[in-house]
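Scroll down for the structure; my scribbles are underneath it.
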Amino acid sequence: MGRVRIAVLLALVTVLAACTNSPAPGDVERRGPAGSVPPGLERFYGQTLDWRSCAEFGSPDAPEGSDCAWLETPLDYANPAGRTVRTGVTRHRATDPDRRIGVLTTDTGGGVRFRMSAAATFGNDELRERFDVVAIDRRGSGTSDLRARCYDNADWERDRATDAPGEAKDRAYLDACLRNSGAEVLTGLGTREVARDMDVLRSALGERQLSLYGASSGTLAAIEYAERFTGSVRALVLDGPAPTRPPDVVADAAVGGRAVQRAFDEFAAHCASTPDCPLGTDPATAAGRLHALLLPLLDRPAPAGEGRSLTFSDAELGVTSAITAGAGDRARTALTALNSENGSELLALADEFYYRRDANGDYDRNVANETAVRCIDEARPDAATARAATEAYRVAAPFRETVGLRSPSGTPAPGLGSVLSACTAWPVPPTWVPHPPDAPGLPTPVLIAATGDQATPYRDGVDQARALRGRLLTLEAGTHVNYLRGNECVDEPVTRALVDGVPPEADRTCR
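The sequence shown lines up with residues -17 to -1, 1 to 494 when you count with mature numbering (1 follows the signal peptide of the UniProt record, and there is no 0).
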């Protein structure tokens, strides 16, 4: 990892930067540090950004005006002399540099996938004229060299080869995460560190303040930044804000169980209306027929081709994950094949929809990062609450209940295990927990929430607007993330808030 280069002759560089346009890709831009610098972090806040072609960052088609750089930050902000993290940053330079306002950072969410690519295409003409639009990949995603490591391909194959109880499999997986990643890495993947990285980026860009746009899960880092670095926020927009309220894990488990059961009931009804349904013609008996078809796998897994076999656990996961993903017809075909002792199609469903194993036998390594990011940002329910949540799920999804069921030879089915086990037993404590946001002195933020949003509930937008003393734009629709989607009632006030720094005078409802 390259060492950070500290800017020299800061006063001269600042004057020159004010008199020139942004450098061409390949130039080293010395702008930081700007604003306050936490003690011990001077070399990070004062680093230079070496802007270059985005092709080496995996964005060969970045539009003209875009360039990319590496940002270096400490893995542990309490130990800045220790290991560092390198993460990619994309910038689309303001097309009207004489009227440039500053930097607009974008975080469009999307789990642990690439975020930096959003800067290349985000915004309307006015935003792209007036701002350098900038995005950074979050730790554990995209270009970041910080990754959680839990299971490799061989570990996953060993895990899937048995029908061990769910709790035992979860424990083995968590032990591997700690052993292969280390506690320091697992602790450094959360939203708290993402917000701190954003402030290092602000300073390295030579900016005293940022304008921020966060969407979906990207709103969490924007809110954390606003709470932690309130004085560094020029404007803030939260679009489809993710929940910050402490979750009701028991109620949420019941909701999840009902959704899975509804998917199975619809699958069973449709299957019963087709010729030769492997679950029979009566949807009321479909769960029993499913169990009768799968339980023999406890005694003898079905051959699945290429030296692989289908276990009971993989068969159950293949059916459940396929029907909840809308692939009921494929599940029906796979169950029909299993009737002929061919487990390949059900195994393929488990590969695709649950384990994310590709045709080459490689498992998606983002699974470990997604788990690590989720768990480091979650409050941990106690054991009693975890048991209550699991029971609520079982009651809501009875077709998945296998406790007391046995194979033809008497082998007991493994059961579900805890539906919360991964984060409940995560090997490092959380660094961020859901809470009502609070940022006194924050410029009035603008929040966009749709009444029928299925990804981020409308009530969270209402609650966050109240907590942050912001303006709420309510869209009467079922869409998720709504800025620059063609609704002028939403787009115009948000653009004015970002460009002019002036939020709407009052809440409004859009249709």
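A virtual CB, placed ideally from N, CA and C, is assigned to each residue, including glycine.
Nearest-angstrom Cα distance between residue i and residue j?
{"i": "M181", "j": "T478", "result": "22 Å"}
{"i": "R340", "j": "E299", "result": "17 Å"}
{"i": "R313", "j": "N325", "result": "14 Å"}
{"i": "T257", "j": "Y338", "result": "29 Å"}
{"i": "F382", "j": "L458", "result": "37 Å"}
{"i": "G197", "j": "A375", "result": "33 Å"}
{"i": "H418", "j": "A205", "result": "14 Å"}
{"i": "A45", "j": "A101", "result": "10 Å"}
{"i": "A137", "j": "D50", "result": "39 Å"}
{"i": "W415", "j": "R363", "result": "11 Å"}
{"i": "R154", "j": "C406", "result": "11 Å"}
{"i": "N188", "j": "G288", "result": "Reading the sequence as shown, one finds Leu at residue 188 and not Asn. Each residue's alpha carbon lies about 55 Å from the other."}
{"i": "A342", "j": "L54", "result": "35 Å"}
{"i": "R348", "j": "R491", "result": "43 Å"}
{"i": "A7", "j": "N465", "result": "For A7, the predicted structure reports a pLDDT of 43, less than 50, and the residue's modelled location is therefore unreliable. The matter cannot be settled from this model."}
{"i": "S186", "j": "Y28", "result": "5 Å"}
{"i": "M99", "j": "R122", "result": "12 Å"}
{"i": "R143", "j": "D436", "result": "36 Å"}
Compute the distance between the beta-carbons of residue i and residue j, then report whether it is under 8 Å.
{"i": "T126", "j": "T88", "result": "no"}
{"i": "residue 525", "j": "A432", "result": "Nothing about residue 525 can be read from this structure; the chain reaches only from -17 to 494."}
{"i": "G311", "j": "L332", "result": "no"}
{"i": "P22", "j": "G398", "result": "no"}
{"i": "P57", "j": "T73", "result": "no"}
{"i": "D422", "j": "T174", "result": "With the sequence shown as reference, residue 422 is identified as Ala, and Asp is not the correct amino acid for it. No. Outside cutoff."}
{"i": "R113", "j": "R83", "result": "yes"}
{"i": "P266", "j": "A251", "result": "yes"}
{"i": "A379", "j": "A237", "result": "yes"}
{"i": "residue 505", "j": "R130", "result": "An answer regarding residue 505 cannot be provided, because it is not within the stretch -17 to 494 covered by the chain."}
{"i": "R228", "j": "G18", "result": "no"}
{"i": "L184", "j": "I119", "result": "yes"}
{"i": "L329", "j": "L278", "result": "no"}
{"i": "L110", "j": "V482", "result": "yes"}
{"i": "V216", "j": "L425", "result": "yes"}
{"i": "N322", "j": "L280", "result": "no"}
Give every residue of the same chain whose Cβ lies closer than 8 Å to the Cβ of residue i, excluding the five residues on either side of it in the sequence, and list them in chain order.
{"i": "V411", "result": "L161, A166, L169, T170 and I359"}
{"i": "F263", "result": "What sits at residue 263 in the sequence shown is Gly, not Phe. Closer than 8 Å at Cβ, skipping near neighbours: A255, A269 and R272."}
{"i": "A489", "result": "R454"}
{"i": "T319", "result": "D259 and P261"}
Here's a check: name, in chain order, each residue in its chain whose Cβ is nearer than 6 Å to the Cβ of residue i, leaving out the five neighbours to either side.
{"i": "S392", "result": "D282"}
{"i": "N4", "result": "Unreliable placement is indicated for N4, whose pLDDT of 38 sits below 50; the coordinate value is still reported in the next sentence. Excluding residues within five positions, the ones whose Cβ falls inside 6 Å are P80."}
{"i": "S401", "result": "A369 and T373"}
{"i": "A408", "result": "L157"}
{"i": "D443", "result": "P224 and P226"}
{"i": "A438", "result": "H463"}
{"i": "P63", "result": "G23, L24 and P57"}
{"i": "A355", "result": "A131, L169 and L172"}
{"i": "G106", "result": "V116"}
{"i": "R377", "result": "E384"}
{"i": "P207", "result": "Correcting the residue identity first, residue 207 is Glu in this sequence and not Pro. Closer than 6 Å at the Cβ level, and outside the excluded window around E207, lie T174 and A178."}
Helix, strand or coil for residue i per DSSP?
{"i": "W139", "result": "helix"}
{"i": "A371", "result": "helix"}
{"i": "P487", "result": "coil"}
{"i": "A103", "result": "helix"}
{"i": "H418", "result": "coil"}
{"i": "V(-10)", "result": "Residue confidence is low: V(-10) scores 26 on pLDDT, short of 50, so the model does not pin down where it sits. No coordinate-derived value is stated."}
{"i": "Q30", "result": "strand"}
{"i": "T492", "result": "strand"}
{"i": "I84", "result": "coil"}
{"i": "D474", "result": "helix"}
{"i": "V216", "result": "strand"}
{"i": "L195", "result": "strand"}
{"i": "D180", "result": "helix"}
{"i": "H274", "result": "helix"}
{"i": "T70", "result": "strand"}
{"i": "C51", "result": "strand"}
{"i": "Y208", "result": "helix"}
{"i": "Y466", "result": "coil"}
{"i": "A433", "result": "strand"}
{"i": "D128", "result": "coil"}
Who are the near neighbours of residue i in its chain, counting only those whose CB is closer than 7 Å to its CB and skipping five residues on each side?
{"i": "A480", "result": "A218, V220, V429 and P486"}
{"i": "R132", "result": "N163, S164 and A351"}
{"i": "R(-13)", "result": "Bear in mind that a pLDDT of 25 at R(-13), under 50, signals an unreliable position, so the number given afterwards is only what the model happens to contain. Result list for R(-13): Q30 and T31, in chain order."}
{"i": "G65", "result": "P57, L58 and D59"}
{"i": "residue 518", "result": "The structure shown does not extend to residue 518, since the chain is modelled only from -17 to 494, so the question has no answer here."}
{"i": "Y441", "result": "A432, A433 and T434"}
Would you say residue i faces chain D, with C-beta separation under 8 Å as the test?
{"i": "G92", "result": "In the structure shown, chain D does not exist; there is a single protein chain."}
Three or more C-beta pairs closer than 8 Å, one from the segment 197 to 208 and one from the segment 25 to 41: is that the case here? no
Counting pairs of Cβ atoms below 8 Å between the segment 304 to 312 and the segment 238 to 251, do you hit three or more? yes
Using 8 Å as the Cβ pair cut-off and three pairs as the minimum, do the segment 464 to 484 and the segment 209 to 227 touch? yes
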